[in-house]
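Step one of this worksheet: look at the structure below.
In UniProt numbering, the protein residues as written are 1 to 714.
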C-alpha cells in the first residue's frame with residue numbers, strides 16, 4: 001500500500017515539474033519580443049539570395065497547449081528587371097504546433113494557414129527567369145558547407161533530423177501568375193481555397209477551388225498521407241475528382257512507390273458534353289463534336305514501363321478501344337498500340353461540301369499578290385520526328401465516314417524502329433472498291449529514303465474527293481497502280497529524283513463542268529472546248545474513259561498513255577513533266593468524233609477546224625499555259641482549207657474528220673497499253689494522217705470528174 005502511495009506521489013511530482021517547466025517556458029516566450037529577430041532574418045535571406053525579404057508586419061507568438069506563430073505582411077523582392085516589385089508576398093502566415101511532440105524532437109504542425117499569398121514567376125526577353133538568383137546561390141552554398149560529410153535525411157525528416165508532420169493546411173485567396181517575356185503571353189492560377197487535412201488513419205482529405213485564366217475549377221478527394229508517400233513498400237491510395245470546363249475527371253487506385261513510380265494500379269475516367277467547353281480553359285479552338293469520354297486502367301509493367309488496358313474512348317459519333325503500352329527504359333520511348341474502332345467520323349474535319357465553287361476573282365491591279373513560282377515545297381523534312389520514339393501498331397476500323405462516302409474494313413499495320421517507318425499494310429474498302437498500300441520511310445540524317453506501292457481497284461472518285469469537300473466534281477470509279485522510290489531532304493528533292501510509275505483508269509464517268517472554272521481563265525476555256533465543244537448545253541461532260549500511264553525516271557515523267565474520250569471528242573496527250581524544274585512539255589490533240597455537230601447550228605467548216613486544233617500544255621506546275629500548238633495547227637488548217645476549196649464546207653469537215661483516230665473507241669487499246677507499260681499507238685502518225693487526207697480529197701476529185709464526164713457525154 002505504501003509502495004503505491006510512493007509511486008502516486010512520484011508521478012504527481014513529475015507531472016507538477018513538467019507543468020512548471022512548460023509554464024515557465026510559456027511565460028518566458030510570452031515575454032519575448034520576436035520582432036527583434038526580424039532584421040537578422042532579413043539580412044540572412046538577402047545574403048543567401050541577393051533579394052530583399054521584408055517582414056513589414058509583427059511577428060507574434062500565442063501561448064497555449066498548441067502555440068501559434070503568426071507573421072503578417074511578408075514580401076520577397078523580384079528581379080531588378082521584373083514587371084512588379086515583388087516576386088512573392090503574403091498578407092498573413094500562421095503556424096500552430098503541438099507542444100508534447102517537441103519534447104521527442106518531432107514537429108507536429110496542427111495547422112498551417114497562408115492568407116492571400118501572391119507569387120509571380122516570369123522571364124525577360126532573353127528568356128532569363130526571375131527565379132535565377134545568380135551567384136548568390138553558389139555563395140550561400142559554399143558558406144554553409146561543412147567539412148563533415150552530409151548525410152541524407154531519413155524519410156519524414158528534414159535535413160536537421162526533425163520529424164515534421166502537418167495535420168491541416170489551409171490556403172486562402174492565393175494567386176500564381178506566369179509571364180513569358182519572349183512571347184508576351186501570361187497565365188494565371190487563382191486559388192480561392194485549398195484545404196488539406198490528415199486524420200489519425202493517415203488519410204489526407206483534399207479540397208481545392210479556384211480559377212485558371214478566369215475559368216473555374218475544383219478538385220476534391222482523398223489520398224494517403226506523407227508517411228505512406230515516402231514509404232516505397234506501402235501503397236499510397238488515391239481517389240481524386242476534378243471538374244473544369246464542363247469536364248469531370250476521376251482517378252482512383254494506388255501507387256506503391258511515388259519515386260519510381262512503381263506499383264501503379266489506377267483507373268481513370270474523363271467525360272464531358274463538348275470539347276468546345278474546354279476552349280476558354282485551354283486557349284485552343286476545339287470543335288463541338290458532341291459528348292466525349294475516355295476511360296481505362298493504368299499500371300506499370302516493369303521498370304519505366306507502363307500499360308493502359310481496357311481503353312475506351314468516344315467523341316461524338318466516333319469510338320475507339322484497345323490497349324496501349326509505353327516503355328521508357330531504352331534509348332528512346334517504345335510505344336505499342338492495339339486499337340479497334342467501330343466508327344470514325346471525319347466529316348467535321350473536312351471542308352464543307354455545301355460551299356459552292358466560285359470562279360476565281362481577279363484581284364485589283366493595285367494590290368498584286370506575289371505568287372510562288374514553285375508548287376513542290378522545299379522546306380526541310382522533319383526527319384527527326386522519326387527518331388523521337390519506336391512504335392508498333394495494329395489498328396482496325398470498321399467504318400471511316402467521309403462526306404458522302406465511307407471507307408470500310410480499314411486495317412493499318414505499322415512499325416517504327418530506329419528512324420525507319422514501315423507500313424507493311426494499309427487496306428480499306430469503299431463501296432465496291434478496295435485500297436491496298438505499303439510504305440517505307442527511313443530517316444538518314446536530314447534526308448528521307450521513301451518508297452511505296454498503292455493499288456486502287458474501283459474506288460469511288462467522288463468519295464475520295466470528299467477530303468476536299470467536292471464530292472460531286474466527278475462521278476466514276478478509279479483504278480490506280482502506283483510505285484515510287486526517292487530520297488531527299490525536302491519534297492522537291494525527292495520528286496526531283498523520283499523513280500516509279502503511275503497508271504490510272506476511269507471508265508463511264510461524269511465530270512461537272514463548273515469545276516473546270518477552278519483552272520482559271522484560258523485554261524478552263526481551252527480544256528472545256530477540247531473535251532466538250534457544246535458544254536453550254538449541259539452541266540456535265542460524259543467521260544467514256546480517262547486512261548493514263550506515266551513512267552518516272554530520275555524525276556522526269558514520260559507519258560506512255562494519256563487518253564480522254566468523251567461523247568464528242570477524244571483527246572490524246574503526250575510529253576513530259578520535269579519534277580526537278582516543274583516544267584511542263586505536253587501536247588494535247590483533240591479529235592472530234594463523227595456526228596459531233598449533229599443538231600448544232602454553227603458554221604461547219606470553221607467549227608471543225610477549231611475543234612481539231614492541237615494544244616500545247618507548257619509553263620510550270622505553278623503557272624501552266626495551254627496554248628495553240630502552231631506547228632500542228634498549220635497542218636490541221638491546211639487540211640480544212642484544202643477540203644473547203646475543193647468541196648466547200650462538207651469537204652472541209654470530211655477532211656478534218658478523216659484525220660481523226662482510226663480507233664473510234666480508244667478506251668480498250670489505251671487500257672491495254674497502260675497495263676503493259678507500252679506506248680499508246682491508237683493515234684495515227686502525222687504522215688499517215690496527211691496521206692489519208694490527201695487520198696480522201698483525191699477520191700472526191702475523181703468522183704466529181706467522173707460525174708462531169710457523164711454529164712457532158714449526154
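Here a beta-carbon is modelled for each residue, glycine too, at the ideal position from N, C-alpha and C.
(message) Does residue 80 come out as helix, strand or coil in the three-state DSSP assignment?
(response) coil
(message) Here's the rule: buried if 16 or more other CB atoms are within 10 angstroms of the residue's CB, otherwise exposed. What is residue 200?
(response) exposed
(request) Could you spell out where the alpha helix (DSSP H) holding residue 567 opens and where it closes? (result) Where residue 567 is concerned, there is no enclosing alpha helix (DSSP H), given that its DSSP letter is neither H nor E.
(request) Sort 59, 281 and 587 by Cα distance to residue 37 and report the nearest one. (result) Residue 59 is the option with its Cα nearest to residue 37.
(request) Pull up the DSSP beta-bridge partners for residue 623, would you. (result) None, per the DSSP bridge assignment.
(message) So, at 6 Å on beta carbons, what are the nonlocal neighbours of residue 507 in its own chain, with the 5 sequence-adjacent residues on each side left out?
(response) 545
(request) Determine the burial state of residue 477: buried for a count of at least 16 other Cβ atoms within 10 Å of its Cβ, exposed for fewer. (result) buried
(request) Within its chain, find whatever has a CB closer than 6 Å to the CB of residue 586; leave out the 5 residues flanking it on each side and keep chain order. (result) Closer than 6 Å at the Cβ level, and outside the excluded window around residue 586, lie 573, 575 and 617.
(message) By alpha-carbon positions, which one of 52, 172 and 228 ends up nearest to residue 198?
(response) 228
(request) Have a look at 542, 479 and 499 and flag the residue whose alpha-carbon is nearest the alpha-carbon of residue 557. (result) 499
(request) For residue 674, I'd like the list of residues in its chain whose CB is within less than 6 Å of its CB, leaving aside the five on either flank, ordered along the chain. (result) 503, 547, 549 and 561
(message) Which same chain residues end up closer than 6 Å to residue 427 when comparing Cβ atoms and leaving out the 5 residues on each side of it in sequence?
(response) 411 and 436
(message) Quick check: the segment 329-345 against the segment 391-405, are at least 3 beta-carbon pairs closer than 8 Å?
(response) yes
(request) For the beta strand (DSSP E) containing residue 130, list its first residue and its last residue. (result) Note, residue 130: premise wrong, no beta strand (DSSP E); not H, not E.
(request) Evaluate residue 207 with the Cβ neighbour count: other Cβ atoms within 10 Å of its Cβ, from every protein chain shown; 16 or more gives buried, anything less gives exposed. (result) exposed
(message) DSSP three-state label for residue 719, please.
(response) The chain is shown only over 1 to 714; residue 719 falls outside these bounds and no answer can be derived.
(request) Closer than 7 Å by C-beta to residue 239: which residues in its own chain qualify, once you throw out the five before and the five after it? Chain order, please. (result) 221, 222 and 252
(message) At the level of alpha carbons, what is the spacing between residue 288 and residue 279?
(response) 10 Å
(request) Grab me the residues of residue 432's own chain with a C-beta within less than 7 Å of its C-beta, minus the 5 sequence neighbours each way, in chain order. (result) 458
(request) Taking residue 328 as part of the beta strand (DSSP E), name the residues at either end of that continuous run. (result) Looking at the DSSP string, residue 328 is not in any beta strand (DSSP E), and its letter there is neither H nor E.
(message) Please list the terminal residues of the continuous alpha helix (DSSP H) segment that includes residue 672.
(response) 667-676
(request) Count the C-beta pairs between the segment 332-341 and the segment 384-393 that are closer than 8 Å, then say yes if the count reaches three, no if not. (result) yes
(request) Can you give me the start and stop residues for the beta strand (DSSP E) that residue 335 sits inside? (result) First-last of the beta strand (DSSP E) with residue 335: 334-341.
(request) Closer than 6 Å by C-beta to residue 235: which residues in its own chain qualify, once you throw out the five before and the five after it? Chain order, please. (result) Excluding sequence neighbours, residue 235 sits near 254 and 256.
(request) Using the Cα positions of residue 583 and residue 554, report the straight-line distance between them to the nearest angstrom. (result) Looking at the two C-alpha atoms, the distance is approximately 14 Å.
(message) Per the DSSP calculation, residue 237 is bridged to which residue(s)?
(response) 254
(message) From the DSSP secondary-structure annotation, give me the bridge partner or partners of residue 544.
(response) The beta-bridge partner set that DSSP reports for residue 544 is empty.
(message) At the level of alpha carbons, what is the spacing between residue 72 and residue 122?
(response) 25 Å
(request) Compare the Cα-Cα distances from residue 209 to each of 613, 174 and 203 and report the closest residue. (result) 174
(request) Specify the secondary structure class of residue 549 as computed by DSSP and reduced to three states. (result) strand
(request) With DSSP collapsed to three states, give me the class of residue 496. (result) When DSSP states are grouped into helix, strand and coil, residue 496 belongs to the helix group.
(message) Three or more C-beta pairs under 8 Å: does that hold for the segment 373-387 against the segment 312-326?
(response) Too few Cβ pairs lie closer than 8 Å, so no.
(message) What does the Cβ neighbour count give for residue 78, buried or exposed, with the cut at 16 atoms within 10 Å?
(response) buried
(message) Using a 10 Å radius around the Cβ and a threshold of 16 neighbouring Cβ atoms, would you call residue 130 buried or exposed?
(response) buried
(request) Use the C-beta contact count for residue 327: other C-beta atoms within 10 angstroms, 16 or more gives buried, fewer gives exposed. (result) buried
(message) Short of 6 Å in beta carbon distance, which residues of its chain neighbour residue 224, apart from the five on each side in sequence? Order them along the chain.
(response) 236 and 237
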